[in-house]
Amino acid sequence: MRLLLALLACATMLPAQWLNLPTRGVPRTKDGKPNLSAPAPRAANGKPDFSGIWALEHPPCPPEGCGDYLGGPEFLNMGVHLPGGLPYQPWAAELVKKRSADQGRDDPVAQCLPSGVVRILTFPPPRKIVQTPEEIVILSERDVTFRQIHTDGRPLPVDPSPSFNGFSVGKWEGDTLVVQTIGLRDTWIDRNGSPITEAAKLTERFRRVNYGRLEIELTVDDPKAYTKPWTVTLKQEIVLNTELLDYYCNDNEKDAQHVSAK
Amino acid sequence: MFRQSRAVLLVMAMAGSVSAQRIHYPTPGLPRTAEGKPNLAAPVPKAADGHPDLSGVWSPDSRPLQVIAPSESIPFQPWSAKLTEERADGARGMDDPAAYCVPGMPKLLVLPYPYKIAQVPGMMLMLYEGFTTFRQIFTDGRALPKDPQPSWLGYSVGRWEGDTFVVETIGVNERTWLDNAGRPHSDAMHLTERYTRKDFGHLDMQLTIDDPKAYTKPWSVSENATLMADTDLLEYICSEDNKDVPHLVGNGPQPSH
């Protein structure tokens with residue numbers, strides 16, 4: 002028993018063997034620590050540079066330390082900070098109640114389907130942003146997948162084939178990248194089971210507040226599922242000196258046969 | 002009967018012509034001929050640092066069977082030949098990670114689906130339509146790690162040799178297959194990809210597999226690609242409506258060596 006505890010203690014000290022790779026170009030304070038409140042870096046074209054590995058802001062760790070993957074509250078409930086919660090249409094409120102009662106067994110991610118356009122921003126495993134003059138790519142550690150946001154000036158397509166990530170275009174308004182997304186499939190946007198439908202139009206306003214913080218103000222306009230548009234801010238904190246791991250949902254997947262989605 | 006099959010053929014032909022409803026948008030910066038068609042023979046574009054710019058959406062020229070090379074051209078060790086033979090009749094289909102929607106390296110390189118390269122300072126980012134997955138190839142001068150944690154995609158660094166971009170990859174776990182024919186590898190596998198953009202529209206790639214435990218000598222295959230003008234990748238969701246898994250037999254992905 003003592004041996005087991007010792008092993009467990011060791012295991013928690015080496016969670017997932019994170020890669021230790023010094024992040025380059027980190028601004029430092031006089032005593033050599035990362036200066037997270039330094040100004041946001043700029044790309045070669047003068048625009049703010051969102052590049053980096055980001056994790057959703059989470060509550061402070063307990064005294065015994067943090068676990069591997071820290072979820073922010075919006076991962077569970079996108080409306081956690083909205084007075085009265087998300088403005089569900091009656092059917093959507095019923096659906097969320099049922100999905101919560103079913104402990105999320107019909108959640109697409111339980112079947113290793115994509116987390117989708119919203120949850121790629123809230124999943125506990127981190128995400129990495131790669132920025133070129135033509136696009137922003139969001140690389141997701143979960144399932145080693147990606148989402149593209151085109152910033153080359155193209156318009157939204159008229160009737161895109163519905164997909165989990167939809168079709169996203171972004172344009173700069175000063176130092177804020179305003180991203181519009183359509184062409185989504187019906188899917189879940191939080192663990193509670195809040196839906197979005199194919200009618201959804203998303204607006205995200207990406208702003209790198211300083212070196213260490215990226216804020217994504219997300220507005221969901223989906224009159225089929227919600228009585229009015231709603232807006233939440235997803236605050237992301239930079240993650241230094243590491244790299245994304247290979248996290249394949251289907252690797253040694255044992256859950257699906259037990260969750261029996263209907 | 003004849004009429005019916007004609008109807009079927011017609012439907013199939015239509016399906017082919019609207020296959021997958023690719024997005025249409027003129028690729029910015031793509032050179033055009035006088036009549037407005039993409040000029041794939043135009044010169045290679047250059048990145049700000051003077052190296053060729055490999056960025057673009059690329060379609061592999063010919064990988065219909067997702068088989069990396071004919072068996073007679075592969076210098077198998079006895080055990081890797083035997084394992085390939087055992088896998089050939091489908092009796093171990095469940096051992097193929099891709100059957101579970103986990104592609105792995107280097108099988109990702111022999112898929113028939115388009116891929117997109119985004120060349121940015123410090124990294125060559127490879128976005129693959131197949132499995133909607135990506136690889137990061139670090140170009141910031143870092144060395145390959147000495148003993149990386151084995152993973153499905155391994156750890157990749159890239160450098161320029163003249164106008165050829167050379168990628169080296171190690172640390173691929175032993176459960177991946179080289180291709181659909183089930184060619185295995187060991188933990189000693191060292192992959193080298195050499196990408197050369199011949200002109201605006203053509204990208205040549207040579208892959209060398211150096212794995213002395215599994216193969217008696219290093220061997221190479223070529224996988225060339227053509228630029229896909231005026232479009233972009235689609236979302237490919239392997240796990241969706243995957244009906245294969247219950248029919249597969251075998252033990253599940255196993256270390257091959």
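Protein chains in written order, with our numbering: chain A, 2 to 263; chain B, 2 to 258.
Using N, Cα and C, we set each Cβ at its ideal position, and we do this for glycine too.
Treat the numbers as computed from the prediction; the structure is a model and nothing was measured.
Cβ neighbour criterion (16 or more within 10 Å) applied to residue i
i	result
E86/B	exposed
S38/A	exposed
P53/B	buried
R43/A	exposed
V159/A	exposed
L185/A	buried
D180/B	buried
T217/B	exposed
T234/A	exposed
P27/B	exposed
S18/B	In this prediction, S18/B scores a pLDDT of 40, lower than 50, which makes its location untrustworthy; the coordinate-derived value is nonetheless stated afterwards. Label assigned to S18/B: exposed.
S72/B	exposed
H186/B	buried
C250/A	buried
M2/B	Note that M2/B scores 33 on pLDDT, short of 50, meaning its location in the model is unreliable and no value can be drawn from it.
W189/A	buried
D252/A	buried
Residues near residue i by beta carbon distance below 6 Å, same chain, minus five either side
i	result
V110/A	S116
D97/B	W178
D188/B	E175
D153/A	E135
S221/B	Q207, T209
D242/B	none
E216/A	R208, V210, T234, K236
D212/B	H186, S187, A189, M190
Cβ distance (whole Å) where residue i is taken to contact residue j below 8 Å
i	j	result
T177/B	K108/B	6 Å
T182/A	T133/B	T182/A to T133/B, Cβ: 16 Å. No contact.
V118/A	F165/A	7 Å
L83/A	W231/A	6 Å
I137/A	G167/A	Incorrect: roughly 14 Å between the Cβ atoms, too far for contact.
P49/A	A41/A	5 Å
E199/A	D187/A	6 Å
Cβ shell of residue i (< 8 Å), same chain only, five flanking positions each side left out
i	result
T34/B	N40
Y227/A	L87, P88, Y89, Q90, A93, V221
Min CB distance residue i to chain A below 9 Å
i	result
M206/B	no
S240/B	yes
Y196/B	no
Q78/B	no
Delimiting residues of the alpha helix (DSSP H) encompassing residue i
i	result
S101/A	91-102
K83/B	79-89
Near the ligand GDP: residue i beta-carbon under 8 Å from a heavy atom
i	result
D247/A	As far as ligands go, the structure on display features none, and thus does not contain the ligand GDP.
Closer than 9 Å to chain B by CB, residue i
i	result
N166/A	yes
N251/A	yes
E199/A	no
P196/A	no
H259/A	no
C62/A	no
Q112/A	yes
F51/A	no
R209/A	no
E254/A	yes
First and last residue of the uninterrupted beta strand (DSSP E) at residue i
i	result
L55/B	First-last for L55/B: undefined, no H or E at that position.
V118/A	V118/A -> not in any beta strand (DSSP E); alpha helix (DSSP H) instead, spanning 117-120.
L203/A	202-211
L228/B	226-228
Contact set between residue i and chain E, taken where Cβ atoms lie within less than 8 Å
i	result
E142/A	Checking the listed chains, one finds no chain E in this structure; the protein chains it contains are A and B.
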